[in-house]
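Top line first, the protein sequences correspond to chains A and B. The numbering used here numbers the first residue of the first sequence as 1 and each following residue consecutively. The numbering used here numbers the first residue of the second sequence as 1 and each following residue consecutively. Note that the Cβ used here is the ideal one computed from N, Cα and C, for glycine as well. Since we're looking at a predicted model, the values are computed, not measured. Taking it in order: structure first as C-alpha cells, then the write-up.
Number of protein chains: 2
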Amino acid sequence: MPESYRQELQSLKLFSGMEKDNFDALMRGAYVQNFPPRIDLISEGDAPDFLHVVLAGSVDLYCSWNGRETSMATVRPVSTFILAASVQNAPYLMSARTLEKSRIVLLPSEDVRTIFDRDGAFARAIVGELAQCYRSVVKNTKDLKLRTSLERLANYLLRQSGSTGAPSFELKMEKRRLASFLGMTPENLSRAFRGLEPYGVTVTGSRIEITDANDLTDFAKPSRLIDDYAS
Amino acid sequence: MPESYRQELQSLKLFSGMEKDNFDALMRGAYVQNFPPRIDLISEGDAPDFLHVVLAGSVDLYCSWNGRETSMATVRPVSTFILAASVQNAPYLMSARTLEKSRIVLLPSEDVRTIFDRDGAFARAIVGELAQCYRSVVKNTKDLKLRTSLERLANYLLRQSGSTGAPSFELKMEKRRLASFLGMTPENLSRAFRGLEPYGVTVTGSRIEITDANDLTDFAKPSRLIDDYAS
DNA sequence: CGCTATGTTGATCCATATCAATAAGTGTGG
DNA sequence: CCACACTTATTGATATGGATCAACATAGCG
Numbered sequence: 001m002p003e004s005y006r007q008e009l010q011s012l013k014l015f016s017g018m019e020k021d022n023f024d025a026l027m028r029g030a031y032v033q034n035f036p037p038r039i040d041l042i043s044e045g046d047a048p049d050f051l052h053v054v055l056a057g058s059v060d061l062y063c064s065w066n067g068r069e070t071s072m073a074t075v076r077p078v079s080t081f082i083l084a085a086s087v088q089n090a091p092y093l094m095s096a097r098t099l100e101k102s103r104i105v106l107l108p109s110e111d112v113r114t115i116f117d118r119d120g121a122f123a124r125a126i127v128g129e130l131a132q133c134y135r136s137v138v139k140n141t142k143d144l145k146l147r148t149s150l151e152r153l154a155n156y157l158l159r160q161s162g163s164t165g166a167p168s169f170e171l172k173m174e175k176r177r178l179a180s181f182l183g184m185t186p187e188n189l190s191r192a193f194r195g196l197e198p199y200g201v202t203v204t205g206s207r208i209e210i211t212d213a214n215d216l217t218d219f220a221k222p223s224r225l226i227d228d229y230a231s
Numbered sequence: 001m002p003e004s005y006r007q008e009l010q011s012l013k014l015f016s017g018m019e020k021d022n023f024d025a026l027m028r029g030a031y032v033q034n035f036p037p038r039i040d041l042i043s044e045g046d047a048p049d050f051l052h053v054v055l056a057g058s059v060d061l062y063c064s065w066n067g068r069e070t071s072m073a074t075v076r077p078v079s080t081f082i083l084a085a086s087v088q089n090a091p092y093l094m095s096a097r098t099l100e101k102s103r104i105v106l107l108p109s110e111d112v113r114t115i116f117d118r119d120g121a122f123a124r125a126i127v128g129e130l131a132q133c134y135r136s137v138v139k140n141t142k143d144l145k146l147r148t149s150l151e152r153l154a155n156y157l158l159r160q161s162g163s164t165g166a167p168s169f170e171l172k173m174e175k176r177r178l179a180s181f182l183g184m185t186p187e188n189l190s191r192a193f194r195g196l197e198p199y200g201v202t203v204t205g206s207r208i209e210i211t212d213a214n215d216l217t218d219f220a221k222p223s224r225l226i227d228d229y230a231s
C-alpha cells in the first residue's frame with residue numbers, strides 16, 4: 001500500500017490514536033482498489049468481510065425490500081462505512097455502490113476486530129465514530145417522522161447552503177437520489193422545488209439559489225437537534 | 001446503593017467485563033430513583049448529565065418538533081438509554097418519560113466518560129451496545145421508508161408474536177403510542193387493524209390473535225435485515 | 001359512579017404516489 | 001463532432017394512502 005494512502009488513513013480520527021504497531025498490523029492486510037462509477041461494492045445481507053474507507057469519489061448506501069429501494073446516505077472522502085457490521089460481525093444492513101470513479105481501502109473486518117480487542121485507543125475512537133453515526137440516524141428518523149416532504153427539502157437546502165454560507169450552490173447529487181434520500185418520489189421533489197419558490201428558492205438545473213434565507217428559515221424551522229451535522 | 005441493584009447492573013453486558021475498581025468507582029456516584037408514571041426524565045436538548053438504566057417499569061423515548069411529537073422507542077428492564085449522548089457529551093436528541101411506575105439508576109455521565117477512558121473492556125462493551133443501537137435505528141429507518149403503514153403493522157405483529165410463538169398475545173403498549181411508534185395516527189392504526197383482518201388478524205381490545213400466520217407472513221414479507229431484533 | 005383519556009367509525013381533505021407524456025441532459029460510437 | 005440512445009427531469013392528470021375533523025363508544029381510574 002502506497003505511503004500517501006497510509007497517511008490519509010492515519011489522519012482519520014478513527015485511526016490516529018492507535019499504537020503504531022497496531023496500525024501497521026491493520027495496514028498489512030489492507031488493500032486499495034479503484035472502482036468505476038455505479039459498481040456494487042456490497043449487498044445488504046452479506047457477511048461483513050471488510051471495513052471500507054472512501055479515499056476518493058463517493059459511495060451511495062441504499063436499502064431494498066420487496067422490489068422497493070431507498071437511498072440512506074452518501075459517503076464522501078475521507079470516511080468509513082459499515083463500521084457497525086464489521087465490529088459486530090453481523091450482516092450488512094445496507095448495500096453500497098460507487099456513484100463516481102472512487103478509490104476505496106478495504107480492511108479485513110477480522111483484523112479490525114482483533115486489533116479493536118487489544119488497542120484501547122482504537123476501541124475508544126470506534127465509540128466516538130459509532131456514537132456519531134447513531135446520532136445521525138436518529139436525526140434522520142426525526143426528520144422523516146416529524147416533517148412533511150416540503151419541510152424536509154427546505155431544511156436540506158438550508159443545511160447545504162449553511163455549510164458554505166453562499167446564497168447559491170450546486171446540488172451535490174442527482175435529484176433522483178436526493179428524492180429517494182428525502183423519502184419522496186422524483187416527481188414529488190420537482191413539485192416541492194416549485195412549492196419553495198414562494199419562500200425565495202430558485203432552481204436552475206442543479207443550481208439552487210436562496211434569495212431570502214430568512215423567509216426560508218421561517219418556513220423550515222431548522223433545529224439544532226435534527227439538522228446539526230456536528231455533534 | 002443497595003447490593004441487589006448493584007448486582008442487577010453488573011449483570012448487564014455493558015458493565016460485566018469491567019475491572020472491579022472501575023465498576024466500584026462508577027457505582028460510587030450512582031443513585032437509584034423511583035418514579036411514578038408519566039414523569040418526564042429528560043428533555044431533548046438537555047445536557048447529558050446522566051446515563052440512565054431502567055431497572056423496573058418502562059420508559060418512552062420520544063421527540064418533538066414544531067408542535068408535533070413522535071414516539072421513537074420503548075426502553076424496558078434491564079437496559080440503558082442515551083448512551084451515545086453521554087459518551088459524546090452532546091445534547092440529548094430524545095426526550096424520555098416513564099410509562100409506568102419505574103425504577104431508574106442514574107450514573108453521572110462524567111464518571112462514565114472518565115472510566116470509559118481508562119477501562120478498555122468498558123470501552124469495548126460500549127462499542128457493542130452502540131453498534132446494536134445503531135443497527136436498530138437503521139432497521140427502523142428501512143421499515144419507515146420501504147413499507148406502507150399496513151406493512152409496518154403486519155410486521156410489528158409478527159415480531160411480537162414471533163418472540164412468544166403463541167398465536168395470541170397482548171399488545172405491550174397503548175394503541176395510541178403504537179401508532180406513533182409506527183409513524184401513523186391512532187385513527188389510521190384502527191383502520192389498519194381492520195385492514196389486516198383478511199390476513200387472519202383479529203383484535204379484541206389489546207389482545208391480538210393471528211389465526212393464519214402463513215397468510216400474514218405472505219403479506220408482511222418480514223426480513224431478517226429489518227425485523228430481526230438480535231444482531 | 002362519573003370524569004377523562006383512549007379507541008373506533010365515518011366523512012372529508014390533503015399530501016404524496018402513480019401513470020403518462022414530453023423535454024432535457026448525458027454518454028457513446030460512428 | 002454529431003447523431004442516437006438512454007437516463008433523468010419536468011409537467012399534467014389521476015388515484016390513493018393517510019391525516020384531519022367530528023361524533024360517539026369504551027375503558028380506566030379517582
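Item to complete: Examine chain B for any beta-carbon lying closer than 7 angstroms to the beta-carbon of valine 53/A, and answer yes or no.
Response: no
Discussion item. Can you pull the chain A neighbours of phenylalanine 116/B, defined as C-beta to C-beta under 9 angstroms?
Written reply: Arg124, Val127
Worksheet item: Listed from N- to C-terminal order along the chain, which residues in the segment 34-66 of chain A have their beta-carbon within a distance smaller than 8 angstroms of any beta-carbon of chain B?
Response: Identification of residues in the segment 34-66 of chain A having a C-beta nearer than 8 angstroms to some C-beta of chain B yields Glu44, Gly45, Cys63, Ser64, Trp65, Asn66, given in sequence order.
Worksheet item: For aspartate 143/A, which residues from the same chain have a beta carbon less than 6 angstroms from its beta carbon, with the 5 sequence-adjacent residues on both sides left out?
Response: Arg152, Ile226
Worksheet item: According to DSSP, which residues form a beta bridge with glutamate 170/B?
Response: Arg207/B
Worksheet item: Rounded to a whole number of angstroms, what is the C-alpha to C-alpha distance between arginine 135/A and alanine 96/B?
Response: 16 angstroms
Worksheet item: Expressed to the nearest angstrom, what Euclidean distance is found between the alpha-carbon atoms of leucine 99/A and histidine 52/B?
Response: 41 angstroms
Worksheet item: Taking Cβ-Cβ distances shorter than 7 angstroms, what residues in chain B pair up with valine 87/A?
Response: Val127, Ala131
Discussion item. Any beta carbon from chain B within less than 7 angstroms of serine 231/A's own beta carbon?
Written reply: yes
Discussion item. Looking at the strands, I want to know which residues DSSP matches up with cysteine 63/A.
Written reply: Thr70/A
Worksheet item: Once you ignore the five residues that flank proline 2/A on each side, which residues in its own chain have a CB closer than 8 angstroms to its CB?
Response: Val32
Fill in: Minimum Cβ-Cβ distance from arginine 68/A to chain B less than 7 angstroms
Chain B, which has a Cβ nearer than 7 angstroms to the Cβ of arginine 68/A, makes this yes.
Worksheet item: Can you name the residues of chain B whose CB is closer than 9 angstroms to the CB of asparagine 140/A?
Response: Val137, Thr141
Practice prompt. Measure the beta-carbon distance from leucine 61/B to phenylalanine 81/B and round it to whole angstroms, keeping in mind my assumption that it falls under 8 angstroms.
Written response: 6 angstroms
Discussion item. Give me the subset of the segment 95-121 of chain B whose CB atoms are less than 8 angstroms from a CB atom of chain A, sorted by chain position.
Written reply: Phe116, Asp117, Gly120
Worksheet entry | chain B contact residues for lysine 221/A, given Cβ-Cβ distances below 9 angstroms | Trp65, Asn66
Discussion item. So, for asparagine 155/B: in the same chain, excluding its five sequence neighbours on each side, which residues have a beta-carbon less than 6 angstroms away from its beta-carbon?
Written reply: Ala220, Pro222, Asp227.
Fill in: Chain-ordered neighbours of glycine 183/B on chain A, where CB pairs are closer than 9 angstroms
Counting only Cβ-Cβ distances below 9 angstroms, glycine 183/B has contacts in chain A at Leu144, Lys145, in chain order.
Worksheet item: With a CB to CB cut of under 7 angstroms and the five nearest residues on each side skipped, what residues in its chain are close to methionine 72/B?
Response: Same-chain partners within the cutoff: Leu61, Tyr62, Cys63, Met94.
Item to complete: Apply the 10 Å Cβ neighbour rule to threonine 148/B and answer buried if 16 or more other Cβ atoms are within range, or exposed otherwise.
Response: Exposed, since its Cβ has fewer than 16 Cβ neighbours within 10 Å.
Worksheet entry | Presumed contact (8 angstroms Cβ cut-off) between threonine 141/A and valine 137/B, rounded CB distance | So it is a contact: roughly 6 angstroms between Cβ atoms.
Item to complete: Show which residues of chain B have a CB atom less than 7 angstroms away from the CB atom of methionine 173/A.
Response: Residues of chain B passing the Cβ test: none, with the nearest at roughly 17 angstroms.
Practice prompt. Starting from tyrosine 134/B, find everything on chain A with Cβ-Cβ shorter than 8 angstroms and list it in chain order.
Written response: Ala84, Leu130, Cys133, Tyr134, Val137
Fill in: Cut-off 8 angstroms between Cβ atoms - residues of its own chain near methionine 173/A, not counting five sequence neighbours on either side
Excluding sequence neighbours, methionine 173/A sits near Thr74, Leu99, Phe181.
Discussion item. I believe glycine 200/A touches aspartate 212/A by the beta-carbon criterion, under 8 angstroms. Please report the beta-carbon distance rounded to the nearest angstrom.
Written reply: Between aspartate 212/A and glycine 200/A the Cβ distance is about 3 angstroms, and since that is below 8 angstroms, they are a contact.
Worksheet entry | Contact set between leucine 93/B and chain A, taken where Cβ atoms lie within less than 7 angstroms | Those are Arg135, Val138, Lys139, Leu225, listed as they occur along chain A.
Worksheet item: Taking Cβ positions only, does alanine 25/B come closer than 7 angstroms to chain A?
Response: Residue-level contact check: alanine 25/B does not touch chain A, since none of the beta carbons of chain A fall below 7 angstroms from its beta carbon.
Item to complete: To the nearest angstrom, report how far apart alanine 30/A and valine 105/A are at their CA atoms.
Response: 7 angstroms
Discussion item. In the DSSP output, what is arginine 76/B paired with across the bridge?
Written reply: The bridge partners DSSP lists for arginine 76/B come to none.
Worksheet item: To the nearest whole angstrom, what separates the beta carbons of alanine 121/B and glutamine 88/A, a pair I think is in contact under 8 angstroms?
Response: Not quite, the Cβ-Cβ distance comes to about 17 angstroms (not below 8 angstroms), so this is no contact.
Worksheet item: Which of the three DSSP states, helix, strand or coil, is assigned to asparagine 22/B?
Response: helix
Worksheet item: Cα-Cα, which of Pro91/A, Arg194/A, Ser16/A, Arg38/A is closest to arginine 124/A?
Response: Ser16/A
Discussion item. Do alanine 56/A and arginine 6/A count as a contact pair if the criterion is CB distance below 7 angstroms?
Written reply: In this structure, the beta-carbon distance from arginine 6/A to alanine 56/A does not fall below 7 angstroms.
Worksheet item: If you check the beta carbons only, do lysine 20/B and threonine 70/A fall under 7 angstroms apart?
Response: no
Item to complete: Have a look at proline 167/B and glutamate 129/B and give me their C-alpha separation to the nearest angstrom.
Response: Looking at the two C-alpha atoms, the distance is approximately 32 angstroms.
Worksheet entry | Rounded separation between aspartate 215/A and arginine 76/A - CA only | 31 angstroms
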